[in-house]
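Student:
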Amino acid sequence: MHQHLKRAFTLLAVGIIAFIIIRSMIVPGSFGEFGWYRGDSVLQIRNLPVGYAGSSSCGEENCHTDIYHVWTNGSHKTINCETCHGALQEHVNNVGIMPQPANASRDYCGLCHFKRAARPSDFPQIDPDVHGENLQCTYCHNPHKPGFV
Ligand code: HEC
Ligand code: HEC
Ligand code: HEC
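Take the sequence shown: its letters are residues 0 to 148, numbered as in numbering that gives the first Met the number 0.
1. Pick helix, strand or coil for residue 118, following the three-state DSSP scheme.
2. Do residue 124 and residue 103 have their CB atoms nearer than 8 angstroms?
3. Using the beta-carbon count (16 or more within 10 Å), is residue 58 buried or exposed?
4. Taking the alpha carbon of residue 144 as the reference point, which residue from 55, 119, 77 and 116 has its own alpha carbon closest?
5. Kindly indicate which three-state DSSP category residue 107 falls into: helix, strand or coil?
6. Take residue 114 and list the residues in its own chain whose beta-carbon comes closer than 7 angstroms to its own, dropping the five residues that flank it on each side.
7. Compute every distance between the C-beta of residue 100 and the non-hydrogen atoms of ligand 3, then say whether any falls below 7 angstroms.
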């Protein structure tokens, strides 16, 4: 075999061996246990603290039942309590831990309701410059049941 081919093959072999050694050093042991990811991550994710309690724990029974029933009968029933009030599992575990008040600014409601060309035209949208006299939206709308009936 020609000298230059020998050199190329040696380099290739050294490269492959180095790749295998480095790979075995840096790939975590549990990689591939269940799939194309670290098997240990399943346990780690399962042990993360739970942040969200879910709307039913707020008021299906016991606590905020009034607001809950207003909410289930309004057009915001698809917006979970914690979308506006933040993650509240801590408060559910210990009602002594009071949540921060919900963001009642015009801009917050506007995240979903300010007029945008990209939004479906049948989604309720308003032009903030002319709607609501620059008052807080909750001055007129109940956030738990925003429509007027
Ligand atoms: C669209 C956003 C939004 C959603 C969804 C929402 N809230 Fe609220 N909530 C608010 C805002 C804003 C206020 C403050 C109202 C004000 O300024 O008068 C508030 C106030 C409250 C208060 C304190 C004042 C009061 O009326 O007693 C409670 C308790 C409450 N919400 C519970 C809930 C529960 C339970 C749910 C789910 C069933 C829920 N909220 C869903 C926005 C929301
Ligand atoms: C001064 C009272 C008032 C304030 C403040 C107000 N609204 Fe309204 N809003 C109304 C009334 C009345 C209607 C129903 C009549 C209409 O469509 O104009 C309405 C209707 C709506 C609708 C339904 C529009 C549709 O086409 O179906 C949306 C969405 C809405 N408001 C969002 C908001 C948001 C978001 C804010 C705060 C940025 C806000 N409103 C502030 C009085 C108010
Ligand atoms: C995360 C998105 C989101 C946020 C934040 C939000 N809304 Fe809504 N809103 C919705 C959806 C979804 C509907 C139902 C739309 C439908 O029926 O097609 C709705 C419906 C409405 C309607 C129409 C009511 C009716 O019965 O026609 C009004 C008014 C309204 N919201 C006001 C508000 C106000 C005021 C706030 C702030 C306190 C707010 N929304 C925050 C998503 C949102």
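Quick reminder that beta carbons are idealized off the backbone N, C-alpha and C, glycines included.
Tutor: Judging by the given coordinates:
1. coil
2. no
3. buried
4. 77
5. helix
6. 124, 125 and 126
7. no
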